[in-house]
Amino acid sequence: MGNETPKRPSRAGFLALLPLTLFAFALRAFLTGAVPMRYRWSWVPSLGIDLTFELDALSLVMVLLITGVGSAVFVYGAGYMAGMAGRGRLFGLLLVFMMAMLGAVTADDLIVLFVFWELTSVTSFLLVGFNHTDESSQASARQALMVTGGGGLALLAGVLVLADVAGTSSIHQLVSTAPVWRDDPRVVGALICVFIGCFTKSAQFPFHFWLPGAMAAPTPVSAYLHSATMVKLGVYLLARLHPAFDDLAVWEGPLVIVGTITAVWGMVLTIRERDLKRILAWSTVSALGMLVMLIGLPNPGAATATATFLIAHALYKAPLFFVAGNVDLAAGTRRIDDLGGLGRTMPFTAAAGWMAGISMAGIPSSFGYVAKDVMKTAKAEADVFRWVAYAGIFVSAASVAAAGVAVARVFWRGRPLRPDHAREGNAATWLPPLLIASLGIFLGLYPAPIESLLVAAAQNIGAATEVDTLRADNEAGGTALAVIFALGIAMFVGWDRLHELGERRTLPRFLRASAWYSALIASIPVVAGATTRRLQSGRLGRYTASILTFVFASLALTLVASVRVWPPAPHLTPNPSTLAVAGAVALMVGASITVCVVENGFVMLMVSSMVGLTSALVFLFLGAPDVAFTQLAVEVAFVVVLVAILVRLRRLDLLVVPHHPPWHVGLRALLALALGTVVAAMVLLGNGFTPDPAMTTFFFEKSVTEAYGRNVVNVVLVDFRAIDTLGESIVVTLTFLAAMPLLRLLRRHERPPTATDRGMSPRAHILDVAAGPLYILMLVSAVVILLRGHNEPGGGFIAGMVAVSATAMLAVARGARTAIARVPLGSARLAVASGLLSLASGLPAMALGKPYMTHLWATLPFIEVKVSTVLLFDLGVFGAVWGALGGLAARAIELDEDVSLAWEDK
Amino acid sequence: MIWLLAIGIGTVTAAGVFLSLSRELLRCVVGVSLLAAAANLIVFSSGHPEAGPKPPVVPVGLEQLVDAAAPLPQALVLTAIVIGFSLTCFSLVVVLAIAQQSKSNDNRALRDAEPRPGPDGKPALESLATEDQI
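Those sequence lines, one after another, are chains P and B.
The first sequence runs contiguously to residue 1080 in the numbering used here.
The second sequence runs contiguously to residue 121 in the numbering used here.
In structure tokens, the structure reads:
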């Protein structure tokens, strides 16, 4: 693995110019005082979502981190990946990631922020799984995506609720209007969801386990995504929302508790590690915990501390990752036991490591010390959370030890050189860490240049007043500092012993978050299987019952929740019309009850058609003659078809009623009564709703004057709503065309006829004789009904149904083939041709520049008869109904007679 | 009037539900067609039908109609009746094909699409029907 002659860095490193330019622009924007800036484009105006981007000091801190570390990462990546496969993919993904991050930290709209947030999760998944042929990489990538992506979903839920409660999804407005809405009880639920989103992203306890797994990514990725930027997105969002919730207990409590647990536990896990990169990963988890805890602390200093530590951490952790990557490249191992004395052969990397290590340990003269100092002040001010200060001391001491392990153990010149083939790589690998780490030292010595930025950012996070806390020399903290260093050095010296202790005392399985995660993932197929087996029982009855129960429940809930205004109690006036309807309804109720109890299939059939007939009566008595006639014609054809099917079923011995146990009948009756009651209640309550009379008035006024028709129902069908009607006649044609292949299949597989079959389709001689004239009579009436339909009850549908009855009658009397042969063009062709005729009848209007389906009228010159494209349209409806349903009815009847005819033909 | 309609609609709905939950295929279809009839009546009742209204036909000599039954629900119901009929016919043909194939009109026997799980928890493939069983 030793790089005797360093490889040339990849030219892709020049991509660093892009983030570098952005960095320069961001810096310039701040120096010239152009911050805050706002950009706004409308995105989903109907939902009030705008592509609003706002660049204030907090965003600027993030943007500087993203572009600054990004520039270093591109240069470092070019050196690190020199000669490795898949460089292009890595750089492409890193660019996408960088853009997503920039979008996320500048978005002002929560929904827009969420979109970029998820984009960073997806690019993180692709980058963690960069070595996609390696199975452990795959597992790590999946785990990272499941945790952060799942958290993202929770975040979306939280964000949506917040936006709903606040009435805006703009963070800016959300914060400024917070006092108005934040006492809403839904806010607590929303905050829990937002916490889950941020805690998963920023690897907080108990979601911390995915971050060390993500170290399967190449080192530039680990340094960039999983230390400096992406994992800070959760921290960023919490800081962003902080001003809206700053003194709520439900906001501060979880942040401080979870943050502190994460900080401490992260350090405990750091001590247990021996892999250089994983040591850095766990200490990153701990640092993220510190940041979350700082946001939750209820004092003004905490905001400054958050902003300072945010930068300080990036300035030392990114170089340390680069250093770890260089050591890995040079030595071929990251185990600290196999490394030592590398400062001799890798001077530049070692220098970067030392500087970053000083900052991480918080030794005075480094920016890490400045941050630690500000943090200490913040914690000291927080009396309520005294224990947080003790936890802070432990974490700081452990950082000292971890920095010592990561740097001193590896590079200390006094140690024997291990491994002895390790050599410095190309300049692109050591220059970026050197630059960033020296910046960390420079800012430690002269914090002034960054001070105004940090204070401005702190004002975005909390109500921080102008606090000048960036002092590199704080005497009051001297004792605490001494304690921390003493403790840290003790931990560094005893690292191996502590490590052994940690190795031996592994946590029981049920306490490990990663074990919970694995159990959760493993349970998904199990639960899904059990649910599917339970829901998909394969029984038609259960499916129907569950659908109907759901319908009942939703209707019942709606009824319970709505304002119920019952219509006035009925009073039976001796009005003949009311009495007629009452009689029809009584018949209907009787028929409905009877149809449920009869055994015999034929009787059941007759009774069920009674329901249709009585509803025809209701229509007739309530001023709907067209509907009544249609219903009557349909009932006739329906009975004919049903009888044909029944006869066939009987011949196949399939009319036996299956056994229904009493519980089955009881449950069905219960559900039937429940639904019947709810539907009746719905009808009663719906009566209280008065429809807009304008619609009815419109039809009444325009029917004659504009559509030249006196039968308003027909005018609505063929003119005002002609396109609906067109669609409906096409549906009728389609059902016929769909049934055709089935019917053909049923005929083809007919079993050979037996002698007993002959008597099954007896022909009535009288019907045979009468059929011919009757057929002609019915067709003539159909044509009359069609022609007069525009002015009197009638029209294409009714005429079509009369013609269908005629065909069905002929099929029963003289055989289906005769009946079908008598349909002009043959049924299928008639149906399709009629559909086309209806379609075409709307075209002439377009030639005259009017909208499709505007009917044209003309008076024939000599006979003074008005003609119109309306008639063509209605003719099309007539033909479609006749062809499709006549064909369907005749073929259903044919199924029944098929055998006997075939037998006779022999 | 609405009370009468509500009673009628409620009963027809109940009968439709009762029949569609039957184990016999044919009764299921009849039940669904009853539910369709109930739905048509519901749409019709939304037009606030009152006792003894005039049908929405403009008398000869008049240009406008003033007081008559609401035409739009009627137009909707009219087409719904025809479509309901065509769909019922279609389902009857399907029922016939199914019954003939599975040699049973008991819907518990219809397990071709979702066969019972075999001993290994996966669907038992041998119970799947072959093409020539139709």
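No residue lacks a Cβ here, since even glycine has one placed at the ideal position from N, Cα and C.
Only a predicted model underlies this, so the values are computations on that prediction, with no experimental measurement involved.
Going by beta carbon distance, what residues of the same chain come within less than 6 Å of Ser91 of chain B, once the five residues before and after it are set aside? none
Verify the CB distance criterion: does Gln805 of chain P have a CB-CB separation below 7 Å to chain B? With 7 Å as the cut-off, Gln805 of chain P counts as an interface residue toward chain B.
Within chain P, the residues that Val53 of chain B reaches when beta carbons sit closer than 8 Å: Per Cβ cutoff of 8 Å: Phe874.
Among B:Val80, B:Asn27, B:Gln87, B:Asn94, which has the Cα closest to the Cα of Pro915 of chain P? The residue with the shortest Cα to Cα distance from Pro915 of chain P is B:Val80.
DSSP-derived helix/strand/coil call for Glu228 of chain P: In the structure shown, Glu228 of chain P falls within a strand segment according to DSSP collapsed to helix, strand and coil.
Check each candidate in P:Phe483, P:Ser1042, P:Phe874 and name the one with the smallest Cα separation from Pro42 of chain B. P:Phe874
Say whether chain P places a C-beta atom closer than 7 Å to the C-beta of Gly(-3) of chain B. yes
Is it true that the CB of Gly48 of chain B sits closer than 7 Å to the CB of Ala25 of chain B? No. Outside cutoff.
Provide the residue span of the beta strand (DSSP E) that contains Trp586 of chain P, from first to last. Neither: Trp586 of chain P is in no beta strand (DSSP E) and is coded neither H nor E.
Report all residues from its chain with a CB closer than 7 Å to the CB of Phe204 of chain P; omit the five preceding and five following residues, and keep chain order. Within the same chain, Cβ atoms closer than 7 Å to the Cβ of Phe204 of chain P are found at Leu234, Leu627, the five residues on either side in sequence being excluded.
Tell me, please, whether the CB atom of Ser1088 of chain P is closer than 7 Å to any CB atom in chain B? The structure shown does not extend to residue 1088 of chain P, since chain P is modelled only from 175 through 1080, so no value can be given for it.
Quick one: is His964 of chain P buried, meaning 16 or more other Cβ sit within 10 Å of its Cβ, or exposed? buried
Using C-beta distances below 8 Å, list every residue in its chain close to Val878 of chain P, excluding the 5 sequence neighbours before and after it, in chain order. The answer, listed in chain order, is Arg884.
Complete beta strand (DSSP E) runs within the stretch 1004 to 1066 of chain P (minimum length 3 residues, chain order): 1031 to 1033, 1040 to 1042
Measure the Cβ-Cβ separation of Val279 of chain P and Ala377 of chain P and say whether it is below 7 Å. Note that the C-beta distance between Val279 of chain P and Ala377 of chain P is not below 7 Å.
At what residue ranges does the stretch 397 to 448 of chain P contain a whole run of the beta strand (DSSP E), taking only runs of 3 or more? Complete beta strand (DSSP E) runs here, min 3: none at all.
Between the Cα of Gln317 of chain P and the Cα atoms of P:Met255, P:Ala388, P:Ile721, P:Leu232, which residue gives the shortest distance? Nearest to Gln317 of chain P by alpha-carbon distance, out of P:Met255, P:Ala388, P:Ile721, P:Leu232, is P:Ala388.
In three-state DSSP terms, what is Gly968 of chain P? coil
Could you say which of B:Val(-1), B:Met(-12), B:Gln87, B:Trp(-10) lies nearest to Ser789 of chain P if we only look at CA atoms? B:Val(-1)
Taking the Cβ atom as the reference point for each residue, do Thr374 of chain P and Val321 of chain P lie within a distance shorter than 7 Å? It is a contact, given that the beta carbons lie within the stated cut-off.
Residues, ordered as in the chain, of the stretch 81 to 92 of chain B that lie near chain P by beta-carbon distance below 8 Å: Val81, Val82, Leu83, Ala84, Ala86, Gln87, Lys90, Ser91, Asn92
Pick from P:His1029, P:Val986, P:Val997, P:Leu1046: whose alpha carbon is nearest that of Ser1012 of chain P? P:Leu1046
For Pro538 of chain P, which option in P:Gly618, P:Leu826, P:Ala868 has the closest C-alpha, if you only look at C-alpha atoms? P:Gly618
With DSSP as the reference, please indicate the residues paired to Tyr213 of chain P in a beta bridge. Answer is P:Phe227, bridged to Tyr213 of chain P.
Which of helix, strand or coil does DSSP assign to Glu11 of chain B? Glu11 of chain B falls in the strand class under three-state DSSP.
Is the Cβ-Cβ distance between Tyr490 of chain P and Ser457 of chain P less than 7 Å? no
Check the Cβ of Val4 of chain B against every Cβ in chain P and list those closer than 8 Å, keeping chain order. Leu722, Arg842, Leu845, Ala846, Leu849, Gly850
Contacts around Leu415 of chain P, its chain only, beta-carbon distance under 8 Å, and the 5 residues preceding and following it disregarded: Ile345, Leu348, Val349, Val368
Pairs of beta-carbons, one from the stretch 1051 to 1062 of chain P and one from the stretch 901 to 919 of chain P, closer than 8 Å: are there three or more? Result yes; three or more Cβ-Cβ pairs closer than 8 Å.
Given this structure, state the Cα-to-Cα distance separating Ala96 of chain B from Ile959 of chain P, to the nearest angstrom. 46 Å
Work out the CA separation of Leu329 of chain P and Trp586 of chain P for me, nearest whole Å. Taking C-alpha positions only, Trp586 of chain P is separated from Leu329 of chain P by approximately 46 Å.
Is the Cβ of Ala1 of chain B closer than 7 Å to any Cβ of chain P? Yes, contact with chain P.
What residue range does the alpha helix (DSSP H) around Phe776 of chain P cover? 775 to 795
Tell me, please, whether the CB atom of Ser782 of chain P is closer than 7 Å to any CB atom in chain B? yes
Identity of the residues DSSP links to Val44 of chain B by a beta bridge: P:Asn885
Among P:Val430, P:Lys553, P:Val801, P:Leu189, which residue has its Cα nearest to the Cα of Gly266 of chain P? P:Leu189
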